[in-house]
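**Student:**
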Amino acid sequence: MPRSALLVRTLDVTIQLVRWEAGVADVEPAADDELTFEAFVTEHSLAFQRFAHLVIGNPEDARDAVQDALIGAYRQWPTMRLTGNPTGYVRRSIVNANVSRWRKRRREVIVPEVHDHAAPGDERLFDSLYVGSLTSRLSSRRRTALVLRYWESCSYAEIAEVLDCGEATARSLVHRALADLRKAVDRGSDD
Amino acid sequence: MTDRDPFTDRADLEDALRRHFRDEVARTDFRPISADEIRTAARLSTPARRPRWLLAVAAAVVLVVAVVPIVAEQLNRRPVLAVPATVSPTSTPAAPGDRPSWTPRLPAPVDATRYAQVAIDDAVYLLAGVSRQGACSLNAYRYRPGPDLWTQLADGPERPRATCDSTRAFVSGSRIYLTVDADESAPPADRMEFYSYDTDDDEWATPQRPAPQGGTTCTPVGLPSGIFCLDDVAAPTAAPATFQYFDFATRAWTPGEAQLAGGQTRQSVSAHSVRVNGLDQVVLDARLPGGGIALALWDPVAKRLGEQTSHGGTVVELGTAQVTSAGSVFFAPPADPLAVGINGNDPRATTALLVDLASKRWASVEVPHPKSPLTTATPSSAEWALPFYGSSAAGYVLVNGYLYEPGAGRWLAVPRLPDAETAPSASHAWVGGALLCRTSSPLNCWGLSAGPLARLAGQIDPTAISAGNAQVR
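Line order of the protein sequences matches chains A and B. So the first sequence is numbered by my numbering: it starts at 1 and just counts up by one. So the second sequence is numbered by my numbering: it starts at 1001 and just counts up by one.
This is the structure:
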């Protein structure tokens, strides 16, 4: 990172910390903010739940994650709607919530067996349950990258923003996830 | 190793994923969330406050993270002798902070001149070396500047024959494509082999190869959406230039052709990828008899050739087109003015052409003439690196010491490449066209040199290679 960018980033982070500590980062939304927030929630709440469901894997946790993310967005709405990317923020919060959830519950998580299917080779790809059992075995980050790419039709730049990584890393995550799936399918074909 | 190319054989997986996501969502009943629910929940819950000391710790950590690399960089910076800029009517003195510097790097494990070379981000790749005896195998090496490290990469698939004429590499995304032109002993239909190397997975593949229409080989250009391959056809000719385009979306090669306006004869034609008005395109560069240049953009989305723009040229033979990510093309003056019938004092010997492809505006640019200590009557000698140009997002680089920024219309003095001028043997020369510059800021160029580099690294085989790095910060 160039020195100038590093210094700007340092100042930016410090200012954010001071604002947060002083309690000015979360401000109460004004009346017109309420209206735009209402429209935002109405328009996106179902889409966010679908995304969260695909990332997290069950609809109840997905709904909780979306609610938490929207509460966070509501608290920062006045500044977010003007300068930020509310959709990206909510997606990012959902992804982070999934990571936290996974960390808390990892001892309980049982990696599902690959769904058995009688069809040979690549024909298995037409069985959604089979594909679902393969994707559930991917790491959370790779699975999320696939959902963003093939469900949300995000660009790599958008995926990078949600996953808080570089564009090349986002591209690599998608690529590697596809490679993992391909290997799993090929292994299945060899059985 | 797999024969599957992710660019060409992953559509089935992608479709399966889309189907699965659609089915998964359709199986579940989602209820809308109201803004009132969120407002109520927000008022009931208050965000947890972090202890105040956390602020101090976080700020200290951030400051340390920001300051330590800067201090370390200052301490580690090695001074490199800079050559003062020669005066030219268009040159502006560079600010001290703008000066790039060259630093010697670890010699390459192989003779880089015998390999196809590409740069992706900060890494330099050497692929498919051809030995002096013509033996040709799919091996690869990567140089990363951070750790100053060369790494041997996975070997490619077995080739159908042991020898070849040449290898050429180009990039599309994180994948390097490689064409191997077989020698005359190969049947015409097999004269061109086509491979790809995935830099993410360190894996080779054998994608569908192009089928040149007018000859046996074609010269490929990588685009984000596909591969453009211009057929290698003998010139001069007035016949249309033929090419093929492999569209990653349709996964098929389709032929096309480009005709010069008025059916003019061309001496040669070449293709380069360029980004103009936010669209990745191919610029076709046709050279006309008498030194004229005709350019046209080919749009891979519309599969259409744009309007031609022409210039009469300055001399018979201007240099190869150098394209930047800013959408302009630079044509350097001839490497050897005497060879095209003008002496070194003729203004045409130092006049380059520059064209902005979006506006189709042409301009003349005076190249700083290397006077003392680089004055030489034989520009092709080892001490004159003027023929070797590179392009980058920032501008155009003359290896021997100048960087031209079209936006600012000025030349910046660059320190001479170490050793290139001082090596006692004329065999030490910078590799033609091997000044690789990344196409994003900051400018970072790699000069791969061949020759005796004893001063750099002790006992080195005379064929060993060294990499140099110029950084403009």
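Even for Gly, the Cβ is constructed at its ideal location relative to N, Cα and C.
1. Tell me the residue span of the beta strand (DSSP E) that contains residue 1168/B.
2. For a contact defined as C-beta to C-beta under 8 angstroms, what are the partners of residue 1251/B on chain A?
3. Got a sec? Which residues, its chain only, sit under 6 angstroms from residue 1209/B by beta carbon, not counting five neighbours each side?
4. Could you check where the beta strand (DSSP E) with residue 1292/B kicks off and where it finishes?
5. Along chain B, in chain order, which residues have C-beta atoms closer than 9 angstroms to that of residue 94/A?
6. Is residue 1343/B buried or exposed, if buried means 16 or more other CB atoms sit within 10 Å of its CB?
7. On the three-state DSSP scale, how would you describe residue 1120/B?
8. How about the stretch 1286-1295 of chain B and the stretch 1254-1265 of chain B: do they share at least three Cβ pairs that are nearer than 8 angstroms?
9. Can you check whether the CB of residue 1271/B is closer than 9 angstroms to the CB of residue 1282/B?
10. Between residue 132/A and chain B, is any beta-carbon pair separated by less than 9 angstroms?
11. Would you kindly work out how many angstroms separate the C-alpha atoms of residue 67/A and residue 78/A, rounded to a whole number?
12. Output, in sequence order along the chain, the residues in the stretch 1166-1184 of chain B whose CB is closer than 8 angstroms to any CB in chain A.
13. Pair every Cβ in the stretch 1033-1047 of chain B with every Cβ in the stretch 142-157 of chain A, then say whether three or more of these pairs are closer than 8 angstroms.
14. Let's see if you can read the secondary structure: which residues bound the beta strand (DSSP E) around residue 140/A?
15. Cα-Cα, which of 1314/B, 1361/B, 1357/B and 1322/B is closest to residue 1346/B?
16. Which of helix, strand or coil does DSSP assign to residue 1419/B?
17. Nearest chain B C-beta to residue 59/A closer than 9 angstroms, yes or no?
18. Among the candidates 1348/B, 1060/B and 1328/B, whose CA atom is the shortest distance from the CA of residue 1296/B?
19. Could you list which residues in chain B have their beta carbon closer than 8 angstroms to that of residue 38/A, in chain order?
20. Under 9 angstroms between C-beta atoms, does residue 1393/B make it to chain A?
21. Per DSSP, which one or two residues make a beta bridge with residue 1244/B?
22. Expressed to the nearest angstrom, what Euclidean distance is found between the alpha-carbon atoms of residue 1120/B and residue 1323/B?
23. Within 8 angstroms, do at least three Cβ pairs link the stretch 1240-1253 of chain B to the stretch 1211-1221 of chain B?
24. When you compare each of 1292/B, 1226/B and 1233/B to residue 1273/B by their alpha carbons, which one comes out closest?
25. Mind listing, in chain order, the continuous beta strand (DSSP E) runs of no fewer than 3 residues lying wholly within the stretch 1183-1236 of chain B?
26. Out of 1357/B, 1338/B, 1356/B and 1355/B, which has the shortest C-alpha to C-alpha gap to residue 1348/B?
27. Taking all protein chains shown into account, do 16 or more other C-beta atoms lie within 10 angstroms of the C-beta of residue 1147/B, making it buried, or fewer, making it exposed?
28. Based on Cα-Cα distance, which residue from 170/A, 45/A and 70/A lies nearest to residue 148/A?
29. Contact defined as beta carbons within less than 8 angstroms: I believe residue 1159/B pairs with residue 1136/B. What is the distance between those atoms, to the nearest angstrom?
30. Can a CB atom of chain A be found closer than 9 angstroms to the CB of residue 1029/B?
31. Taking only the alpha-carbon atoms, compute the straight-line gap between residue 1333/B and residue 40/A and give it to the nearest angstrom.
32. Taking C-beta to C-beta, are residue 34/A and residue 1043/B nearer than 9 angstroms?
33. Given this structure, state the Cα-to-Cα distance separating residue 1155/B from residue 1127/B, to the nearest angstrom.
34. Could you tell me the distance, in whole angstroms, from the CA atom of residue 1306/B to the CA atom of residue 1300/B?
35. Which residues of the stretch 60-71 of chain A have a Cβ closer than 9 angstroms to any Cβ of chain B? Give them in chain order.
36. In the DSSP assignment, find the alpha helix (DSSP H) that holds residue 1015/B and state where it starts and stops.
**Tutor:** Let me lay it out:
1. For residue 1168/B, the enclosing beta strand (DSSP E) stretches over residues 1166-1172.
2. Going along chain A, no residue has its Cβ under 8 angstroms from residue 1251/B, so there is no contact; the nearest lies around 15 angstroms.
3. Here the set comprises 1194.
4. Per DSSP, residue 1292/B is not a residue of any beta strand (DSSP E), being assigned neither H nor E.
5. Result: empty, since nearest Cβ-Cβ is about 13 angstroms, beyond 9 angstroms.
6. By the 16-neighbour rule on beta-carbons within 10 angstroms, residue 1343/B is exposed.
7. In the three-state reduction of the DSSP assignment, residue 1120/B falls in the strand class, which pools E and B.
8. A contact exists between the stretch 1286-1295 of chain B and the stretch 1254-1265 of chain B.
9. Taking a C-beta distance under 9 angstroms as the contact criterion, residue 1282/B and residue 1271/B qualify as a contact pair.
10. Chain B has a Cβ within less than 9 angstroms of the Cβ of residue 132/A.
11. Rounded to the nearest whole angstrom, the C-alpha separation of residue 67/A and residue 78/A is 18 angstroms.
12. Per Cβ criterion, the list reads 1173 and 1174.
13. As far as the Cβ criterion goes, the stretch 1033-1047 of chain B does not touch the stretch 142-157 of chain A, which means the pair count is below three.
14. Careful: residue 140/A lies outside any beta strand (DSSP E), inside the alpha helix (DSSP H) at 140-150.
15. For residue 1346/B, the nearest C-alpha among the options comes from 1314/B.
16. At residue 1419/B the pLDDT is 43, less than 50, meaning the model places this residue with poor confidence; the figure from the coordinates comes in the next sentence. Coil at residue 1419/B, not helix or strand.
17. It does: the Cβ of residue 59/A has a partner Cβ on chain B nearer than 9 angstroms.
18. Nearest option by C-alpha distance: 1328/B.
19. Correct list: 1035.
20. With a pLDDT of 44 at residue 1393/B, under the threshold of 50, the modelled position of this residue cannot be trusted; read the value that follows with caution. At a cut-off of 9 angstroms between beta carbons, residue 1393/B makes no contact with chain A.
21. According to DSSP, residue 1244/B bridges with 1229/B and 1255/B.
22. Those two C-alpha atoms are separated by around 16 angstroms.
23. With a cut-off of 8 angstroms, the stretch 1240-1253 of chain B and the stretch 1211-1221 of chain B count as touching, because enough Cβ pairs lie within range.
24. Of the candidates 1292/B, 1226/B and 1233/B, the one whose C-alpha sits nearest the C-alpha of residue 1273/B is 1226/B.
25. The stretch 1183-1236 of chain B contains these whole beta strand (DSSP E) runs: 1192-1198, 1203-1205, 1218-1223 and 1226-1231.
26. Selected option, being the one with the closest Cα: 1338/B.
27. Answer is exposed; the Cβ neighbour count stays below 16.
28. Minimum Cα distance to residue 148/A is reached at 170/A.
29. At roughly 7 angstroms, the Cβ-Cβ gap stays under 8 angstroms, so residue 1159/B and residue 1136/B are in contact.
30. Chain A contact via Cβ: present.
31. Looking at the two C-alpha atoms, the distance is approximately 58 angstroms.
32. No, the pair does not count as a contact, with Cβ atoms beyond the cut-off.
33. C-alpha separation (whole angstroms): 10 angstroms.
34. The alpha-carbon separation between residue 1306/B and residue 1300/B amounts to approximately 11 angstroms.
35. Only 62, 63, 66, 67, 68, 70 and 71 from the stretch 60-71 of chain A bring a Cβ to less than 9 angstroms from some Cβ of chain B.
36. 1011-1026 is the extent of the alpha helix (DSSP H) around residue 1015/B.
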